[in-house]
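Have a look at the structure below before the remarks.
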Amino acid sequence: MTESAIDMRPTMIGAPVQRKEDPRLLTGHGQYTADVQLPRMAHVAFVRSDRAHARILEIDTTEAKALRGVHGIYGAEDIASLVRPLCASSRTEGYHATLIPPLADSKVRYVGEPVVAVVATDRYVAEDARDMIHVDYEDLPVLTDPAAALVETDTLIHDEAGTNLIVERGFGRGDTDEAFHTAAHVVAGRYRMGRHAPMALETRACVGHWEHGKQSLTMWSATQAPGILRDALAELMDLPGKRIRCIAPDVGGGFGAKVSIYQEELAVAALARITGRPVKWVSDRLEDLTTTSQSFDDIVDLEMAIDADGVILGLRAQVLGDVGAYSIYPWTASLEPVQVISFMPGPYKVAAYRGRAQAVATNKPPMGPYRGVGRPVSTFAMERLIDKAAVAAGLTPEGIRRRNMVRPDEFPYKTPVGIQWDRAGFIECLDSVVEAVDPDSFRHQQVEARAEGRYLGLGFASYSELTGLGSRIAAAPGMPINTGTETARLRIDSTGAVVAAMAFANHGQGLETSMAQVIADELGVAMEAVMIDSGDSDPLAHTTGTYASRSAVLAGGAATLAARGLREKILKVAAELMEASPTDLEIFDSTVRLVGTDKQLTFREIAHAFYTQMGRLHPKQRAAMDLEETRMFDPVFGTASCATHAALVEVDPATGMVEVKRYWVAEDCGRLINPMIVDGQVHGGVIQGIGVALHEELIYDEDGQNLTASLADYLVPSAAEAPDVDVTHIETQLPDNLTGFRGMGEGGTIGAPGAIANAVADALRPFGADVNTLPITPQRIHDLVQAGSAQTLRPGRNNSSDDTTS
Amino acid sequence: MTGTASGKVVVSMTVNGDRVEELVEPRWLLADFLRENLGLTGTHVGCEHGVCGACTILMNGNSVRACLTFAVQAQGADIETVESLGTVNDLDDLQESFRKHHALQCGFCTPGMLMTAIDALRKRPLATDQEIRDALSGNICRCTGYQNIVKAVRTMVQKRDGDD
Amino acid sequence: MPGHKPWLPALATDDKSSRLYMKPPAFGYEAPTSIEQATALLSMHDGDARIIAGGQSLVPMLNFRLLVPSVLVDINRIAGLDEIRDDGKGGLTIGALVRHFQLEASELVAARFPILTEAVRHIAHLAIRNRGTIGGSLSHADPAAELPMMVQLLNGALTIAGPDGTRTVAARDFFDGALTTVLDDAEIVTEIALPALPAGAGWGFKEVARRAGDFAMAAAAVTLTQKDTLIEEARVAVMGVHDQAIRVPGAEAMLQGAVADNGTITAAIAAVREAVDPDDDLHATAEFRRHLIGVLVGRAIHDAWHRAAVAHT
């Protein structure tokens with residue numbers, strides 16, 4: 001092989017490589033948690049609260065215990081000595097932590113909360129037994145409206161907090177009063193995003209296996225964060241981490257819902273220990289829609305001051321978030337509403353900003369992370385208001401965005417809340433989408449269509465997000481875990497195989513593939529040669545998992561550093577064996593070559609020489625070398641990713657039906673590792689965002705009952721409702737960045753709700769309709785069209801004016 | 001079928017070409033029977049009320065929901081699950097098309113999606129992308145946004161119709 | 001699967017436990033091979049038995065334990081109920097075990113009742129249509145299901161077998177409110193006769209559902225024939241807007257003998273909105289549903305008129 005041939009070797013990073021995960025998943029040989037089968041395994045079903053707020057008086061399990069096939073029935077007191085309640089602590093001012101018990105003890109706080117666990121031979125029998133268990137409750141007043149819960153003092157979800165307002169934060173920069181005083185126009189609106197279920201297709205599930213001999217626990221869980229689970233269980237069960245192993249095998253989607261620690265995981269861990277059997281709990285869909293962490297449910301009051309040219313002078317945001325019954329572990333209840341105010345200014349220059357967020361506990365399941373966290377809501381509100389500002393200033397939607405966005409020469413830009421945007425293609429993404437859409441010719445079509453009684457609308461949404469957060473930017477200040485670092489360990493084993501222990505927990509992102517691409521390029525091996533262990537708390541000292549658009553950045557960074565380190569070590573050993581200088585050596589296809597000669601050693605030969613062939617190396621030399629590299633990566637801050645979305649819709653005002661006819665995304669996530677995977681993430685994220693915008697809503701009645709607990713009532717988009725998404729990538733380079741990768745898994749869902757809302761509003765402009773509530777369902781469209789005016793909020797809420805004033 | 005004192009009955013059927021005979025309670029769903037009795041965990045359970053399509057299998061050549069069929073109803077039937085298709089080292093054309101077009105992410109919906117696609121390719125012209133989307137609309141995928149699944153099936157339509 | 005309330009009832013119940021079930025209760029199972037055996041089994045269990053045909057509505061209700069039958073009588077092994085036959089008079093006779101997919105794919109159905117082919121395309125999804133049966137759908141009598149509306153529109157007649165023999169009931173007399181029919185506990189629908197449509201009849205079918213294959217928020221089906229510039233015979237049926245699918249004689253009266261102009265259509269729409277009694281539910285208020293069914297009826301009349309015009313010339 002000549003040097004020029006080496007230069008022609010394929011680069012894996014940037015190539016649309018087919019996924020390593022696919023063959024097993026396509027043939028039914030993936031192994032999801034529900035697929036784990038162990039000898040003597042028993043199945044768990046939970047008796048769950050059928051009321052939203054009540055004191056538990058008495059539990060009668062006599063009849064159920066006698067049922068054939070029942071191994072045991074356990075309540076809170078039976079497992080209390082084995083596992084303590086969770087607590088998501090935080091140093092943030094104005095925060096009240098809540099204790100999350102493994103099983104409800106003194107009272108229940110939402111419908112579906114686990115109260116009693118039945119362990120039986122199979123799920124059928126477990127459900128039979130559940131029928132025979134009688135729980136007596138004393139009902140307490142139910143709080144389902146956060147505005148009411150906020151001022152309520154007699155009824156508290158958590159007595160020890162002394163209030164239902166469990167988080168209150170505010171921040172900002174600049175003189176907003178002055179901005180609003182001098183404004184040429186002020187626009188305002190109240191925006192409401194409904195309650196939402198992340199709805200991964202695989203329901204939550206876990207299997208606990210206590211090995212008496214080793215006094216150790218193995219937990220398989222459908223989780224995004226086996227490392228967080230391991231650390232939490234170790235603390236709550238008073239065991240050293242080494243005696244708890246948490247495995248996230250193949251996981252059927254997460255979208256944020258599987259990155260928190262759940263009551264059932266704690267209970268199953270205890271049940272495995274107490275019953276001495278492997279125990280499996282697989283949530284059914286009703287349980288999943290009733291108990292898995294939910295998202296959004298924010299009410300945003302937003303007002304914006306602009307000058308006569310449409311330049312934003314000031315912005316004020318007030319957010320009320322319904323965070324449900326518990327402050328979720330480890331993210332805390334501040335996660336969603338505080339993120340809404342943190343990212344409200346978006347990719348725009350906002351000189352003066354004040355944001356205030358309140359998180360109110362109610363008798364609903366806990367609020368947790370969902371794809372985009374807060375930013376789908378902030379983008380919806382901000383982008384709706386920007387469109388109103390455009391009307392006030394006489395600008396086009398694309399014109400007002402371009403006028404206010406941070407320009408290429410203004411990076412790094414510090415937002416009013418202190419977030420720093422690194423160089424990212426804000427304007428480039430906008431321009432790219434505008435070119436693809438051609439809004440001017442659309443507006444002609446729109447006029448022609450209206451003449452035929454057809455209502456077309458075009459909507460834009462631009463956003464920027466922080467991804468790949470480092471140790472200086474916590475998801476929630478003072479939370480009990482570190483999410484800012486990640487470790488990778490690479491080694492050449494005694495057979496010459498390249499083995500990577502990594503901390504990510506794949507649940508659809510194709511990280512086994514993209515991380516193998518990174519390692520292959522850095523190390524000089526074929527992708528197929530890279531074997532990755534992941535989704536397992538055991539191989540590394542500290543892991544968390546995959547969430548918050550972090551793995552490409554953090555795992556990619558750790559893999560890059562570890563591969564570079566291992567490469568040096570391989571070269572050092574090879575140089576010794578080949579009696580050459582490491583600088584004269586090249587690695588290609590798992591083989592080290594002495595440049596300019598035909599001397600070469602394969603990894604296998606090097607491994608044999610190093611590990612097994614005694615005498616090939618001098619003991620002193622051997623002692624000074626190894627073929628293993630562990631590196632931690634900390635991006636310190638985060639990387640900015642951004643996009644502009646555009647949606648073209650047709651609305652039938654008579655039926656309220658919306659058809660998404662075209663959809664465009666131009667996004668910048670920096671250097672692409674695998675464009676095929678990135679496109680897939682954008683497609684999926686956008687369709688979830690369309691679900692948020694048009695279809696999906698959890699509806700609770702005043703008793704705290706979930707009226708949408710089946711997939712026939714909670715409506716996620718099917719193939720028939722999904723448009724094709726036209727994706728363009730802008731790959732802005734960062735000069736001082738290890739890999740150039742930025743996170744992007746959440747972006748699709750951040751942009752789509754705002755783009756769809758703007759498009760529907762544009763279509764319904766002849767009716768004077770505003771779109772300020774999502775999802776914008778046929779009923780809400782009907783109401784808007786009938787009213788011929790703006791507001792669709794529920795009666796009883798104080799709607800703020802959406803009029804523009806000058 | 002013969003009953004037993006425990007209420008279980010003997011059921012026999014052909015699953016992926018193998019004849020099987022098992023004792024089951026009449027209430028056992030075919031999905032649980034395949035997964036628990038036979039260890040064929042490729043058939044996934046996503047909702048157990050017939051909406052998500054993850055458990056779709058072929059019964060006598062027709063796609064059906066294994067969560068809306070009792071194992072006893074499959075007495076004498078010919079059942080095909082995802083495990084009857086290609087293998088890890090030798091994917092069949094449909095599986096290859098899914099891989100090539102990145103038509104799966106987490107993989108949980110994939111077995112049901114494949115079995116539905118097989119039935120749709122046999123029964124429907126699938127002349128347009130919208131027809132493909134309609135044919136797949138009983139199978140929820142939460143990851144891909146469906147675009148690449150449509151592409152993968154489109155490729156198979158072209159292969160079927162001899163115009164690729 | 002009720003169409004008016006959440007598909008799944010709220011968890012709080014009057015009985016002792018929450019309704020978080022997803023595995024069926026224990027039951028016995030019988031698979032008779034004749035109608036006589038089946039009706040005998042039903043008689044023997046005296047109301048505690050349930051017939052299972054396709055099971056696509058029944059099994060979810062069992063999984064949720066909304067039903068707790070002592071025995072399931074599986075009628076799938078009864079021969080001769082799975083055929084679509086020409087009645088020799090321009091109509092069709094459809095066996096109760098004919099699957100929705102058979103209706104969808106049948107050339108006979110497409111030739112004789114293209115509106116039925118169109119309606120079946122709105123029933124759920126392929127895998128459900130492969131299993132679901134016409135007899136099962138009619139017996140289940142969901143107010144938001146297509147076939148109960150279609151058999152009424154098409155003047156169908158149902159043959160019902162019971163322990164004491166068979167009887168025939170007109171489709172319009174078969175339904176008795178949500179999820180309720182005139183069937184006795186031991187009776188089984190065995191066959192549905194659909195008489196020929198009048199020569200030259202045009203048709204229109206319009207449905208709005210939140211997503212493809214979902215239960216309809218509302219749907220309308222219309223057939224009409226033309227005589228010169230006038231509407232001669234008109235049929236109007238609606239679903240999803242009443243406690244059962246219904247024909248709307250008031251609207252039919254507005255159409256018959258009238259000129260097919262905007263005034264006539266407006267009058268027919270008003271008659272439909274007057275006749276229906278929708279409920280509020282998660283997806284639509286009664287007011288919206290009443291509005292919607294008028295829109296759909298108007299559009300269906302429009303389509304039917306244009307198709308009839310084609311047939312006439």
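In order, the protein sequence lines correspond to chains Z, X and S. Going by my numbering, the residue at position 675 of the first sequence is 675; the numbering climbs one at a time, nothing skipped. Going by my numbering, the residue at position 15 of the second sequence is 15; the numbering climbs one at a time, nothing skipped. Going by my numbering, the residue at position 187 of the third sequence is 187; the numbering climbs one at a time, nothing skipped. Just so you know, even glycine gets a beta-carbon here, dropped at the ideal spot from N, CA and C. Quantities reported herein were computed from a predicted structural model and do not represent experimental measurements.
Beta-carbon contacts of residue i that lie in its chain and below 6 angstroms, excluding the five residues immediately before and after
| i | result |
| --- | --- |
| Phe442 (chain Z) | Leu458 |
| Ala77 (chain X) | Met13, Met59 and Asn60 |
For residue j and residue i, the rounded distance between their alpha carbons
| i | j | result |
| --- | --- | --- |
| Met113 (chain X) | Gln73 (chain X) | 23 angstroms |
| Asn164 (chain Z) | Thr153 (chain Z) | 8 angstroms |
| Leu86 (chain Z) | Ala333 (chain Z) | 14 angstroms |
| Val15 (chain X) | Thr264 (chain S) | 59 angstroms |
| Gly253 (chain Z) | Ile228 (chain Z) | 18 angstroms |
| Asp86 (chain S) | Leu108 (chain S) | 8 angstroms |
| Lys159 (chain X) | Thr483 (chain Z) | 48 angstroms |
| Glu63 (chain Z) | Thr275 (chain Z) | 19 angstroms |
| Gln294 (chain Z) | Thr773 (chain Z) | 18 angstroms |
| Val208 (chain S) | Ala393 (chain Z) | 39 angstroms |
| Asp50 (chain Z) | Gly112 (chain Z) | 6 angstroms |
The beta strand (DSSP E) enclosing residue i, as first and last residue numbers
| i | result |
| --- | --- |
| Gly808 (chain Z) | Residue 808 (chain Z) is absent from the structure shown; chain Z starts at 1 and stops at 806. |
| Lys227 (chain S) | Ala216 to Lys227 |
| Arg211 (chain S) | No beta strand (DSSP E) holds Arg211 (chain S); DSSP gives it neither H nor E. |
| Gly321 (chain Z) | Ile312 to Gly324 |
| Ile160 (chain S) | Ala157 to Gly162 |
Contacts around residue i, its chain only, beta-carbon distance under 7 angstroms, and the 5 residues preceding and following it disregarded
| i | result |
| --- | --- |
| Gly30 (chain Z) | Arg24 and Asp250 |
| Asp538 (chain Z) | Arg245 |
| Ala5 (chain Z) | Note on Ala5 (chain Z): pLDDT 44, under 50, position unreliable in the model; the coordinate value appears next. Result list for Ala5 (chain Z): empty, nothing under 7 angstroms. |
| Val573 (chain Z) | Ile606, Phe610, Met625 and Leu627 |
| Leu314 (chain S) | Only positions 1 to 313 of chain S appear in the structure, and residue 314 (chain S) is not among them; the question remains open. |
| Glu36 (chain X) | none |
Span of the alpha helix (DSSP H), counted from its first residue to its last, around residue i
| i | result |
| --- | --- |
| Gly689 (chain Z) | Pro675 to Ile690 |
| Ser97 (chain X) | Asp93 to Lys100 |
| Asn62 (chain X) | First-last for Asn62 (chain X): Asn62 to Arg65, but that is the beta strand (DSSP E), not the alpha helix (DSSP H). |
| Ala54 (chain X) | No alpha helix (DSSP H) contains Ala54 (chain X), which DSSP labels as neither H nor E. |
Inter-residue CB distance, residue i and residue j (contact presumed, cutoff 8 angstroms)
| i | j | result |
| --- | --- | --- |
| Gly374 (chain Z) | Phe411 (chain Z) | That belief does not hold up - the Cβ atoms of Gly374 (chain Z) and Phe411 (chain Z) are roughly 23 angstroms apart, past 8 angstroms. |
| Ala257 (chain Z) | Ala325 (chain Z) | No, Ala257 (chain Z) and Ala325 (chain Z) are not in contact; Cβ-Cβ is about 16 angstroms, not under 8 angstroms. |
| Asp679 (chain Z) | Val727 (chain Z) | 5 angstroms |
| Ile293 (chain S) | Val222 (chain S) | Contact flag wrong, Cβ pair sits at about 12 angstroms. |
| Ala45 (chain Z) | Arg123 (chain Z) | 6 angstroms |
Same chain, Cβ closer than 8 angstroms to residue i, neighbours up to 5 away in sequence not counted
| i | result |
| --- | --- |
| Gly7 (chain X) | Glu25 and Pro26 |
| Ser494 (chain Z) | Ala607, His608, Tyr611 and Thr612 |
| Lys89 (chain S) | Pro195 and Ala196 |
| Met531 (chain Z) | Ala497, Val498, Val499 and Ala500 |
* Asked: the segment 276-307 of chain S: which residues have C-beta closer than 8 angstroms to a C-beta of chain Z, in chain order?
  -> Leu282, His283, Ala284, Thr285, Phe288, His291, Leu292, Val295 and Leu296
* Asked: For the segment 124-138 of chain S, which residues have a CB atom closer than 8 angstroms to at least one CB atom of chain X, in sequence order?
  -> Ala124, His125, Leu126, Ala127, Ile128, Asn130 and Arg131
* **Contact residues within the segment 57-72 of chain S, judged by C-beta distance below 8 angstroms to chain X** => Val59, Pro60, Leu62, Asn63, Phe64 and Leu72
* Between the segment 213-238 of chain S and chain Z, which residues of the former have CB atoms less than 8 angstroms from a CB of the latter, in chain order? -> Gly213, Asp214, Phe215 and Met217
* Residues, ordered as in the chain, of the segment 44-57 of chain X that lie near chain S by beta-carbon distance below 7 angstroms -> Glu48, His49, Gly50, Gly53 and Thr56
* Contact list for the segment 710-726 of chain Z against chain X, Cβ threshold 9 angstroms -> Ser710, Leu711, Ala712, Val716, Pro717, Ser718, Ala719, Ala720, Glu721, Ala722, Pro723, Asp724 and Val725
* At a Cβ cut of 8 angstroms, what residues of the segment 120-131 of chain Z count as close to chain S, listed as they run along the chain? -> Arg123, Tyr124, Glu127, Asp128, Arg130 and Asp131
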